[in-house]
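Residue 1 is where the sequence shown starts when you use full-length UniProt numbering, and the numbers rise one by one after that.
A virtual CB, placed ideally from N, CA and C, is assigned to each residue, including glycine.
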Amino acid sequence: MQRHFNEIHPHFKLQGFHYTHHELQDVAYSLIKEGDSEERLIGDFLMDWISSREEVVVRTSGSTGKPKAITLSKQAMVNSALATGTYFGIREKSTALLCLSASHIAAKMMLVRAMVLGLSLDTVTPSSTPLTGSDKSYDLCAMVPMQLEKSIKDLNRIGTLLVGGAPIPQKLRESLKGCNTRIYETYGMTETCSHIAVRYVEVDKKVPPIGGGEHFHTLPGITVSADERGCLVIHAPELGQDKLKTNDLVNLISETEFDWLGRWDHVINSGGVKLIPEQIEEKLRPVVKGRFILTSKPDDTLGEKLILVIEGKEEQGLLEKISGMKNLDKFEIPKEIHHLDQFPQSESGKVKRESIRKEIL
């Protein structure tokens with residue numbers, strides 16, 4: 001199925017009402033003129049979308065660097081919506097919920113999917129509890145991990161849930177056991193029109209995945225490779241990205257499957273041993289309570305020494321407990337433990353590691 005960006009699917013609905021391409025202009029204008037701050041963001045995007053321009057300007061999240069403005073092809077966004085629809089078998093007239101801020105690509109793409117695939121889309125003001133205040137059910141929704149955590153008791157009202165912005169913590173995964181929602185962790189970025197790969201989060205063996213498995217699996221028309229650093233390279237010509245190099249270290253399974261290991265720019269060289277903080281953090285989660293990260297400080301002997309930074313109060317005897325862990329190599333044991341009252345984070349809940357490191361130093 002091919003669709004052009006200036007085509008609005010005849011079954012598209014917004015807040016329960018059908019709108020044509022021409023009618024959307026009035027809706028967008030009304031949202032900009034009379035809506036709250038989030039509604040104005042939706043109105044701004046709709047106004048951009050129905051214009052004759054073939055591109056839109058969007059901003060990156062800034063989670064891995066300074067936010068910046070980039071230009072995306074509208075047709076690439078349409079192609080991304082079609083790939084998602086094909087992968088998950090989303091049919092016209094399906095229902096969807098938008099509960100993310102339209103300042104980011106994830107929300108913009110939910111609007112595009114609705115217009116392209118013919119979905120009935122409801123929008124709610126972004127909050128940590130997006131499913132409260134209503135008892136409606138939806139076929140499709142996208143959330144960040146914080147929203148997922150606060151919505152567990154209502155998840156049975158969501159058919160397929162896409163979770164992005166930050167990895168799903170192991171503790172949260174365990175609390176999802178028995179849930180009958182199909183939950184997918186997503187991998188992507190603004191430059192790729194949101195996700196290019198998804199990984200099924202198995203919470204109930206009675207709920208089989210629509211696609212994918214234990215690894216991240218790419219959407220139709222997208223393949224991946226790894227560069228000389230072991231970082232992911234994305235090949236997505238339909239999204240306008242023929243060879244997009246990332247700083248994400250991966251274990252490449254095939255040209256359509258991979259495991260995410262961590263960020264290349266987070267790697268710590270301690271005494272000649274390269275340590276990936278995200279991988280060691282997974283080992284520490286059963287022992288360290290609350291939120292924490294591993295980072296480094298300069299060291300005269302090692303060059304960089306591994307340190308543990310915990311959000312909140314100090315736990316007595318923690319370093320001794322970590323030192324006794326059987327699954328840690330000696331280089332993976334932190335040399336120091338530091339505490340911060342509160343971690344700086346992005347809107348999606350992703351911890352800003354570099355800001356924490358600077359504060360510790």
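- Distance between residue 215 and residue 361, taken at the CA atoms: about 36 Å.
- Counted as a single uninterrupted DSSP element, the stretch harbouring residue 325 is not any beta strand (DSSP E), since DSSP gives it neither H nor E.
- Taking residue 5 as the centre and dropping the five residues before and after it, the same chain places the C-beta of 74, 75, 78 closer than 6 Å to its C-beta, in chain order.
- Annotation: residue 316 to residue 288 spans about 11 Å, alpha carbon to alpha carbon.
- In this chain, the beta strand (DSSP E) harbouring residue 251 covers 241-254.
- Residue 22 is classed as exposed because its beta carbon has fewer than 16 other beta carbons within 10 Å across all chains shown.
- When the Cα atoms are used, residue 198 and residue 180 turn out to be separated by approximately 18 Å.
- Residue 20 holds the alpha-carbon nearest to the alpha-carbon of residue 7 among 20, 14, 83.
- In terms of Cα proximity to residue 269, the closest of 339, 295, 258, 284 is 295.
- DSSP, read as helix, strand or coil, puts residue 74 in helix.
- Runs of the alpha helix (DSSP H) spanning 4 or more residues and lying entirely within the UniProt domain "AMP-dependent synthetase/ligase" (60-211) occur at 74-88, 105-117, 145-150, 170-175, in chain order.
- For residue 358, the uninterrupted alpha helix (DSSP H) segment begins and ends at 353-360.
- Spatial neighbours of residue 307 in its own chain (CB-CB distance under 8 Å, excluding positions within 5 residues in sequence) are listed in chain order as 294, 295, 296, 297, 334, 335, 336, 337, 338, 360.
- DSSP places residue 310 inside the beta strand (DSSP E), whose first and last residues are 303-311.
- Between residue 189 and residue 162, the CB-CB gap reaches or exceeds 9 Å.
- DSSP places residue 27 in the uninterrupted alpha helix (DSSP H) bounded by 21-34.
- In the structure shown, the three-state DSSP call for residue 12 is coil.
- By the criterion of a C-beta distance shorter than 7 Å, residue 40 is surrounded in its chain by 31, 32, once the five residues flanking it on both sides are discounted.
- Checking the DSSP bridge columns, you'll see residue 53 has no partner listed.
- Excluding residues up to 5 positions away in sequence, 99, 128, 130 lie with their Cβ nearer than 7 Å to the Cβ of residue 147 in the same chain.
- For residue 275, the enclosing beta strand (DSSP E) stretches over residues 273-275.
- Spatial neighbours of residue 220 in its own chain (CB-CB distance under 8 Å, excluding positions within 5 residues in sequence) are listed in chain order as 83, 86, 87.
- Between the segment 41-61 and the segment 93-107 there are three or more inter-stretch CB-CB distances shorter than 8 Å, so the stretches are counted as touching.
- For residue 263, the enclosing beta strand (DSSP E) stretches over residues 257-263.
- In the structure shown, the three-state DSSP call for residue 345 is strand.
- For residue 192, the number of other beta carbons within 10 angstroms of its own is at least 16, and it is reported as buried.
- From the listed residues 231, 237, 157, 71, the smallest Cα separation to residue 276 is found for 231.
- Following the DSSP letters along the chain, one finds residue 299 inside the beta strand (DSSP E) bounded by residues 292-299.
- The beta carbons of residue 164 and residue 149 sit no closer together than 9 Å.
- Residue 167 counts as buried, since at least 16 other C-beta atoms from the protein chains shown sit within 10 angstroms of its C-beta.
- Linking residue 239 to residue 116 through their CA atoms gives a straight-line distance of about 15 Å.
- Taking C-beta atoms under 8 Å as the contact rule, residue 244 and residue 251 fail to qualify, at a distance of about 19 Å.
- A Cβ-Cβ separation of about 7 Å places residue 140 in contact with residue 159 under the 8 Å criterion.
- A distance of 9 Å or more separates the beta carbons of residue 246 and residue 267.
- Spatial neighbours of residue 322 in its own chain (CB-CB distance under 8 Å, excluding positions within 5 residues in sequence) are listed in chain order as 284, 287, 288, 308, 328, 333, 334.
- Going by DSSP, residue 216 is part of the beta strand (DSSP E) stretching over 216-218.
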